[in-house]
Structures are given as C-alpha cells and as structure tokens.
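Asks:
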Amino acid sequence: MDPSVYEAAESGDVGFFRRADASIDLLYQKTPTHNSIFHIAAEYKQIHFFRDVIDDPSLLFWAPNKKGNTPLHVAARVGCDEIVKLLIEHAKKLLHIEGPDEERGPTDGEANKLLRMTNFQEDTALHVAARCGHVEVVNLLMAEDPGLCCLINFSKESPLFLATRHGFPLVARSIVNECPISPSFRGFNGVTTLHVAVTYMDEEWKGIVETMVSKYPDIIKKVDDALRWTSLHYAAFGGNLEATQLLMQRDSSVSYILDKSGMSALHVAAYAGHTDVMEEMIRCRPDICDLVNHYGETALHAAVLGGRTNVIMHSLNVSKLAVLINEADVDGNTPLHLAAIKKNPEIIRALTGDPRVDKIATNGKFSQAYNICLSQNIGEQEIFGSSSPRVLDNLGSSIGLPYFHGQIRRDFWNVPEKDTIEGEKEHEQRRGSRLLIATVVASITFPATFVDTGASGSDGRGIALEMFYFLNLVSFLSSFLVIYNEIVGKNLVMPTHTASEVIRISVSAMLVANIVWWCATHHGDTKLSLLQSVDFIVSPTIIFLGFSFLPELTEALRTKVNQKKLYNRGFSFSAWYVLAYIRKKFQKPHAL
Numbered sequence: 001m002d003p004s005v006y007e008a009a010e011s012g013d014v015g016f017f018r019r020a021d022a023s024i025d026l027l028y029q030k031t032p033t034h035n036s037i038f039h040i041a042a043e044y045k046q047i048h049f050f051r052d053v054i055d056d057p058s059l060l061f062w063a064p065n066k067k068g069n070t071p072l073h074v075a076a077r078v079g080c081d082e083i084v085k086l087l088i089e090h091a092k093k094l095l096h097i098e099g100p101d102e103e104r105g106p107t108d109g110e111a112n113k114l115l116r117m118t119n120f121q122e123d124t125a126l127h128v129a130a131r132c133g134h135v136e137v138v139n140l141l142m143a144e145d146p147g148l149c150c151l152i153n154f155s156k157e158s159p160l161f162l163a164t165r166h167g168f169p170l171v172a173r174s175i176v177n178e179c180p181i182s183p184s185f186r187g188f189n190g191v192t193t194l195h196v197a198v199t200y201m202d203e204e205w206k207g208i209v210e211t212m213v214s215k216y217p218d219i220i221k222k223v224d225d226a227l228r229w230t231s232l233h234y235a236a237f238g239g240n241l242e243a244t245q246l247l248m249q250r251d252s253s254v255s256y257i258l259d260k261s262g263m264s265a266l267h268v269a270a271y272a273g274h275t276d277v278m279e280e281m282i283r284c285r286p287d288i289c290d291l292v293n294h295y296g297e298t299a300l301h302a303a304v305l306g307g308r309t310n311v312i313m314h315s316l317n318v319s320k321l322a323v324l325i326n327e328a329d330v331d332g333n334t335p336l337h338l339a340a341i342k343k344n345p346e347i348i349r350a351l352t353g354d355p356r357v358d359k360i361a362t363n364g365k366f367s368q369a370y371n372i373c374l375s376q377n378i379g380e381q382e383i384f385g386s387s388s389p390r391v392l393d394n395l396g397s398s399i400g401l402p403y404f405h406g407q408i409r410r411d412f413w414n415v416p417e418k419d420t421i422e423g424e425k426e427h428e429q430r431r432g433s434r435l436l437i438a439t440v441v442a443s444i445t446f447p448a449t450f451v452d453t454g455a456s457g458s459d460g461r462g463i464a465l466e467m468f469y470f471l472n473l474v475s476f477l478s479s480f481l482v483i484y485n486e487i488v489g490k491n492l493v494m495p496t497h498t499a500s501e502v503i504r505i506s507v508s509a510m511l512v513a514n515i516v517w518w519c520a521t522h523h524g525d526t527k528l529s530l531l532q533s534v535d536f537i538v539s540p541t542i543i544f545l546g547f548s549f550l551p552e553l554t555e556a557l558r559t560k561v562n563q564k565k566l567y568n569r570g571f572s573f574s575a576w577y578v579l580a581y582i583r584k585k586f587q588k589p590h591a592l
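So the sequence shown is numbered by the UniProt record's numbering: it starts at 1 and just counts up by one.
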C-alpha cells in the first residue's frame, strides 16, 4: 500500500481520495495482511471517513483480510459503535443493488448475511465485540439480528459464553435480558455459560445467574464433556454459597447428578473444603449424604483425599455426616484408613479423638489404620514427625488379630505382610543407596585428611587451603556418620530423612572443597603434581555424576545378589584406594 494512501486512511482524509487521479486504483490497495483502507480507518475509529463515503455502494466495505476479518470485525474489536452503525446501514443499502459482484462482496438480498460473515476462526462481529466487552456494539448487532446470539465459532463458543468467560457482566446481562430469542449458552468442551458464571463471587454476577436459572431452568442440569460436571459441581468447587443457594432453590434435584467418577456436588464441596456449601446442600436434600462415588467413597472420604481437616471436624459435629465416619469404600477403607494411607496426622488426630470412630476397623486386606501407619513408617520415623508416637497411640492400644497375624508371618514364617512388603523393599533400596554413596565419598575424602597443607600466614592461598581442609573433614565425618548409622540397622542414630540430608551435605562439602583446592593450587607455585590435582578434581565429579544417576542404578540392581556384588566392589575399591595412598605417603613424604 502506498504510504500516502495509508496515512490518508489512518487520518480519515476523504479529500485525498477525491483529489487523487482516477487512474490510480487507490481503493484496492492493501497492506501485507490484506487490510484495505476501510480496515485501517476502522482500526483508528475514523467515523467521518465512513460517513462521507457511505453513500457509495461500490466500495469494498466487506472485503476480508488474510484472517478473514472484515472492517465490521475491526470496528467491533475496537468498540466503535458509530462505525458499526454505519456499516449496518450500508448492508441494508446493498439490498437494492442488482447483480452480484465478487469485488463488492455478497449482495444476495439479505443484509443479515453480511452481519453474519465470519473470519477464519468462525467468529462473527458479535463474537468479537462480546470477547472484548463492548456492550454498545453488542446491543447494535443483537438488535439488528438476534440470531447472531445463537451462532458458535470454531471452538464451539457462543457470544454469551465469550462475554462470561472473559468477565464482562454488562455484556452478559444485556444478552440474557435483551435478546428476544433464547441465546446459545454453549462453550468449549461442553462447558456452558452457567458453569462459568457460578464461579464468580461478585454481586453483579449473582443477578446474572439468578436471571439465567429463572429464564432458562433447563441449563441447570447441563453437564460438560470433560468431567460431566453440572453448574452445582462448579459452584461447590469454587465455594460460591450464593450460587449454590440459587441453584438448589430452583432445582435441588441437580445435587443427585454424579460426574464421571461418580462424585456428587457434595463430594466436590468436601474435597475443596467448603463446609458452608455442604450445609446448604444438606439442608435442601438431607439424603445426599448417602451418595457414594464409583469407589464407594462418601463425602468424608473425599474430604480426606483433599486433606481438609476442617471438613472432618465439621462433619463430626453434624449428625447427618457423623454417621459416615465408619463407612468403608469398596476396598474396605474407612476415612481413618484413608487418612493413614495419605499420611495425614492432623486428620488422624481429629478422627481418633472422637470415641465414635472405630479405630480397629479392618479393610479388605485385613489391615487396621494402625497397621497402615506402621507399614508407611518402616524406616521412616519422620513421616509423622515428633507427633508420631501420639498419632500411633491414638489409633488404639487394642491392636487386634490382623496385627498379630502379621507379626507371626514376619517372625515365624519369614513371610512379610502384603501391606508392608513394598515398603520394606523400597526402604532397603534407599538404605543400600545411602551406604554406597557414603562409602565412596569417605574413600575419596579420607586420604586428604592426612595432607599437610603447609598453610601459614594470612595470604589468600593459605586461607583457601585451610578452608579446603575444613570442608574435606566435614565431608569425611558426615559420610562416616552415615555409614555407621546404616550399619547399626534398626537402632538408628538418626532418622532416615536426616541421613539423606547428611549425605547431601557430605557430597556438597566435597565438591566445594575440591573447587577451593583447585583455586589454591593454581595460585602461584604448587608442589602438588598435575596427577594429584586432576585426581582431586575428577574424582568428586565422577561421584557427583554417580549420585545423580543413582536412582537408575538402584533400579537396575533390584536383586540382592547384584546389590551384594556392587557393595563388595565398592568396599574393595575404597580399601585399595586408601591403602595405596597411605603407602605412597610413607614411601615419599612431601608437603605443600
């Protein structure tokens, strides 16, 4: 497009086009995106430009650009209702033109077809205006063609849905109240406008929801395609009490509808921790407390899965929910079992503190919550932290037959319980991994503890060498402590998670120590050989890479035979490394 033409369209200079040479085809010039002068004028809201040329029906008012947008789409996007009004008038004038002309756009006698022209996303001008929140443009287009409110774009979104999804209550209210026909509520993946509207907490959206459910009550039970959730599910998940009240007052039977996993809105509210929403639904339909999902789980199970201690505490004080505290799912797990499986000490304390809770109930695997806590806690005393003894004590001193059966199986038959066998295997693998890392780190750092740094004075090199010696000693002592901790077995000196942290400290200290060593040995002259310098730098790097890929290594060494071979080789390597260094040390002593 010629620059002067672009500037004239941008500034709305109609006189430029009237003065221009008729032989110059200015009207048909386009930008690289195929925008015409009318796209440009609409973009910059040049109302006078359109008003001065609106009487000429031969102009390309309806030519699309590369994205399929007409000047009407552009005017709707920028919110210029005056240009939209002029274009609507121009569409009506085209009705009197005889004979179609491809360059002038469609002239088949229906002005509404011009207003319904879509871009490549199948958006009409009303879709664009609704998405951008321009209520005046929406009102103009809707008044001229109410059927626009029923059209959906390529993503299956209606104008009402777009206005609601993008948070424009004025536009949504205008379509709901002013559209003379029933507008489309459709959105992507089957989500409706009401599904989105009930997630807003603002007071203005409350009125819109109230209008929707009163004028179109059938949409209350509409479900989406992904989760099969109703509007009540969405309101429950978002904790919108007012929306929940409106939905339950209009049609409380919606509370019985289950989603794909069999969850009711009460399950969702319990999972999300909204006790006020639960109260409202139970007040309207007390028997929804009996609803269970496909796994036989009640609302209390859902609260445990969501980690909602407040819902559990609230349920214990509500008679209709309290009767569910000992209900079991299809696997025989009560909420207490589930809390033990999820390692949630707060919920366990809340449940075990109530005398109505059956603390020795068994599930389908003949396990009590106490057994599950023990199996989850094998070698992992830190799971419940300092409250572990109290949590286990609260589960009841009467352990019951299943526990004794398991004890007999372990102590006399050498057959581990099904509930604990996986935990024991995993713990044994972790223990072996820690022992291997600690052994190799100790073998690397042990020789350096005998190095005479020869550091003296306050120069940077002397300080660096002293720092190296200190960090190396920390690394060695940490790894030695972990080795001792793992060798003593059940009488652990430190909890498992602490041992893991000590391993990390040991490896980190070793790496930093060797970096400091490298810096010191390259600060002026050094008596260390190149081989020794490389040895102290490369060795910890290899250990660090081995530490990074240790999970894959452990996975490949699941059998005890392979693990035993690896540990024996590790100890042999460590012993050889240490003895070789000491022999070399005494044969040819040297100092830095």
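Where a beta carbon is used, it is the ideal one built from N, C-alpha and C, also for glycine.
Bear in mind that the values here come from a model prediction, so they are computed numbers and not experimental data.
Tell me whether F154 is buried or exposed, calling it buried when 16 or more other Cβ atoms sit within 10 Å of its Cβ.
Replies: That one is exposed.
Asks: Throw me the rounded Cβ distance for the K320 and C289 pair, which I believe falls under 8 Å.
Replies: Right, the Cβ-Cβ distance comes to about 5 Å (below 8 Å), so this counts as a contact.
Asks: Verify whether the separation of the beta carbon atoms of A42 and G12 is less than 8 Å.
Replies: Not closer than 8 Å, so no.
Asks: From V14 to I37, what does the alpha carbon distance come to, in whole angstroms?
Replies: Cα to Cα, V14 sits roughly 11 Å from I37.
Asks: Please report the residue range of the alpha helix (DSSP H) in which R250 lies.
Replies: L241 to R250 is the extent of the alpha helix (DSSP H) around R250.
Asks: Drop a sphere of 10 angstroms on the beta-carbon of D224, count the other beta-carbons inside from all chains shown, and report buried for 16 or more, exposed for fewer.
Replies: Classification for D224: buried.
Asks: Excluding the 5 residues preceding and the 5 following L60 in the sequence, name in chain order all residues of the same chain whose CB lies nearer than 6 Å to its CB.
Replies: So the qualifying residues of the chain are S36.
Asks: Can you look up E203 in the DSSP assignment and give me helix, strand or coil?
Replies: E203 falls in the helix class under three-state DSSP.
Asks: Alpha carbons only, please: which of F16, D2, T211 and N112 is nearest the one belonging to E144?
Replies: When only C-alpha atoms are compared, the closest one is N112.
Asks: With M281 and A269 assumed to form a contact (beta carbons below 8 Å), what rounded beta-carbon distance in angstroms separates them?
Replies: Rounded, the Cβ-Cβ distance is 7 Å, consistent with contact.
Asks: Between N333 and G307, how many whole angstroms is the CB-CB distance? I'm expecting something under 8 Å.
Replies: The Cβ separation is near 16 Å, so there is no contact.
Asks: For a test of the three-state rule: what should DSSP assign to residue 594, helix, strand or coil?
Replies: In the structure displayed, the chain extends from 1 to 592; residue 594 sits before or after that span and is not available.
Asks: Using CA atoms only, rank isn't needed, just tell me which of Y200, V330 and E82 is closest to P169.
Replies: Per the Cα distances, Y200.
Asks: How many Å lie between A369 and P286 at the Cα?
Replies: Roughly 29 Å separates the two Cα atoms.
Asks: Which first and last residues belong to the alpha helix (DSSP H) in which A328 is found?
Replies: Looking at the DSSP string, A328 is not in any alpha helix (DSSP H), and its letter there is neither H nor E.
Asks: Among residues of its own chain, excluding the 5 on either side of I220, which ones have a beta-carbon nearer than 8 Å to its beta-carbon?
Replies: Cβ neighbours of I220 beyond the five flanking positions: L194, V213, T230, S231, L232, L247, R250, D251 and V254.
Asks: For W517 and A464, I'd like the C-alpha separation in whole angstroms.
Replies: Taking the straight line joining both Cα atoms gives about 7 Å.
Asks: For S182, report the span of its alpha helix (DSSP H) as first-last.
Replies: From DSSP, S182 is part of no alpha helix (DSSP H); its letter is neither H nor E.
Asks: Please tell me whether T298 and E346 are closer than 8 Å, where the distance is taken between their beta carbons.
Replies: No, these two residues do not count as a Cβ contact at 8 Å.
Asks: Take Q121 and list the residues in its own chain whose beta-carbon comes closer than 7 Å to its own, dropping the five residues that flank it on each side.
Replies: Cβ neighbours of Q121 beyond the five flanking positions: N153 and F154.
Asks: Mind checking whether V84 and A91 have CB atoms under 8 Å apart?
Replies: No, the pair does not count as a contact, with Cβ atoms beyond the cut-off.
Asks: Put H274 into one of helix, strand or coil per three-state DSSP.
Replies: H274 falls in the coil class under three-state DSSP.
Asks: Going by C-alpha distance, which of D123, V53 and I47 is nearest N69?
Replies: That would be D123, whose Cα lies nearest to the Cα of N69.
Asks: Could you tell me if Y28 is buried or exposed, where buried requires 16 or more neighbouring beta carbons within 10 angstroms of its beta carbon?
Replies: Its Cβ having fewer than 16 others within 10 Å, Y28 is exposed.
Asks: Would A243 and V198 be called neighbours here (beta carbons separated by less than 8 Å)?
Replies: The answer is yes: Cβ separation under 8 Å.
Asks: Count the other CB atoms, across all protein chains shown, that sit within 10 Å of the CB of N317; report buried if there are 16 or more and exposed otherwise.
Replies: Burial call: exposed.
Asks: Going by DSSP, what residue range makes up the alpha helix (DSSP H) through V196?
Replies: Here the alpha helix (DSSP H) through V196 covers T193 to A197.
Asks: Measuring straight from C-alpha to C-alpha, what distance separates N472 and A361?
Replies: Each residue's alpha carbon lies about 53 Å from the other.
Asks: Buried or exposed: Y484, going by 16 or more other Cβ atoms within 10 Å of its Cβ?
Replies: So Y484 ends up on the exposed side.
Asks: What do you reckon, are the CB atoms on P183 and C150 nearer than 8 Å?
Replies: A contact, by the Cβ cut-off of 8 Å.
Asks: Considering only residues of the region 296-325, which uninterrupted alpha helix (DSSP H) runs meet the minimum length of 4 residues and lie entirely inside it, listed in chain order?
Replies: Runs of the alpha helix (DSSP H) inside the region 296-325: 299-305, 309-316 and 319-322.
Asks: If you draw a straight line from the alpha carbon of L300 to that of H39, how long is it in whole angstroms?
Replies: For L300 and H39, the distance between alpha carbons rounds to 59 Å.
Asks: At the level of alpha carbons, what is the spacing between E7 and F50?
Replies: When rounded, the distance between both Cα atoms is 15 Å.
Asks: Please return the same chain residues whose Cβ sits closer than 7 Å to the Cβ of S475, not counting the five positions on each side in sequence.
Replies: So the qualifying residues of the chain are V441, T445, S506, A509, M510 and A513.
Asks: Using alpha carbons as the reference points, say which of F237, G187 and E210 lies closest to K222.
Replies: Minimum Cα distance to K222 is reached at G187.
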